[in-house]
Amino acid sequence: MNQKGDHIVLVGMSASGKTSLGEALSIALNIPFIDPDEEIEKKVGKSISEIFQSEGEAQFRSYEQGIIRQLIDFPKSVIAVGGGLPCYNNHMDVILDIGRVIYLDLSVDVLVVRLIKNSSDRPLYAGLDASEFEDKTKALKSERERFYQRAHKHIDASTPIQELVKEVIEDLS
1 MNQKGDHIVL
11 VGMSASGKTS
21 LGEALSIALN
31 IPFIDPDEEI
41 EKKVGKSISE
51 IFQSEGEAQF
61 RSYEQGIIRQ
71 LIDFPKSVIA
81 VGGGLPCYNN
91 HMDVILDIGR
101 VIYLDLSVDV
111 LVVRLIKNSS
121 DRPLYAGLDA
131 SEFEDKTKAL
141 KSERERFYQR
151 AHKHIDASTP
161 IQELVKEVIE
171 DLS
């Protein structure tokens, strides 16, 4: 039976590698991988960008709250939460209770390079030109850092993925 605190929850900025690490951990540990944003898209029938455009960020955060509360009852899983999720509605407290929370830390410079490559999927970056990405990323990271710092473990997300998988598995032992 699922125990409270079984999940592995990955937090960090958009483009920090949460999904890549989450999928790799899921395979290595033979447990499900859950992306709450994908769950929201399935439930609402719209992409995250469409939700932000048509319903606004506040409604998106409401959907996040519903999903994160449902995850408590899911079987042990690897969960890669959106970059902003830990910062709203006491979600960091909830995810600290449902599992081992791991913060994927990455420099603003590397985040900006990654974000520019796939900015179309990042509603908070919509309409920005490349020169504005660095300021936006610095501001978001600065604002979110105090939440991320509460994670049980911090890892350098610039490390190759297989080394990160090994590090997380060792941490869980």
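Final position of the sequence shown in this note's numbering is 173; the numbers increase by one with none missing.
Cβ coordinates follow ideal geometry from the N, Cα and C atoms, glycine included.
- Where residue 103 is concerned, the enclosing beta strand (DSSP E) starts and stops at 99-105.
- The beta carbon of residue 124 sits closer than 6 Å to no other beta carbon from its chain once the five residues preceding and following it are set aside.
- In this structure, residue 110 sits away from residue 134, with a CB-CB distance that is not shorter than 8 Å.
- Non-local C-beta neighbours of residue 146 in its own chain, meaning closer than 8 Å and more than five positions away in sequence, are absent.
- If you check the CB distance, residue 78 and residue 36 do not come in under 8 Å.
- Listed in chain order, the non-local C-beta contacts of residue 149 below 8 Å within the same chain comprise 103, local neighbours out to five positions each way being set aside.
- In summary, residue 75 is exposed, with fewer than 16 beta-carbon neighbours lying within 10 Å of its beta-carbon over all protein chains present.
- When 16, 13 and 21 are compared, the shortest CA-CA separation from residue 167 is found for 21.
- Rounded to the nearest whole angstrom, the C-alpha separation of residue 151 and residue 99 is 10 Å.
- Burial check for residue 127: the Cβ neighbour count within 10 Å stays below 16, so the residue is exposed.
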